[in-house]
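Numbering (this note's numbering), first residue to last: 229 to 369.
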């Protein structure tokens, strides 16, 4: 949900969806992401959505995938793209270590073995945390 909010609120510009495989590789190796006009933007942290092998099997061949939280749809991914979750590479290049003593690395290793992206992601709901700060979380618009 945090990464979904990050994209929806424009904090990960120019991303409008989870990173595809090319964007992930560029981010890991160059700490940038290139937009549609060819301009590079600094983005050193992968913004990805992991899925399990079972979820991958369910999604294969689908033209759309709904992202749900608590049975509520927050986004629709158009033309889903599924690729390997390069856990070791992501950890080593993002954090400079692969030690599972690092809490985020431990979390990454517990993720599903695949990553999900797509041609486009359409948001249907805003992410709220009911923490008293939601009024300050604004979209780029």
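Glycine included, every Cβ here is placed at the ideal spot set by N, Cα and C.
Note that this is a predicted model, so its numbers are computed, not measured.
Compare the C-beta of residue 297 against all C-beta atoms of chain B and say whether one is closer than 8 Å.
Checking the listed chains, one finds no chain B in this structure; it contains a single protein chain.
Do residue 275 and residue 247 have their C-beta atoms within less than 8 Å of each other?
In the chain shown, the residue the question calls residue 275 occupies position 47. In the chain shown, the residue the question calls residue 247 occupies position 19. Contact flag set, yes.
With distance defined between alpha-carbon atoms, name the residue in 314, 329, 348, 326 nearest to residue 341.
Locating residue 341 in the chain shown gives position 113, counting from the first residue. If we check each option's Cα against that of residue 341, 314 comes out closest.
Secondary structure at residue 255, three-state DSSP: helix, strand or coil?
As a working note, residue 255 is residue 27 in the chain shown. Helix.
Tell me which same chain residues have a C-beta within less than 6 Å of the C-beta of residue 351, skipping the five on either side of it?
By 1-based counting over the chain shown, the position of residue 351 is 123. For residue 351, where only same-chain residues beyond five positions count, the Cβ hits under 6 Å are 236, 303.
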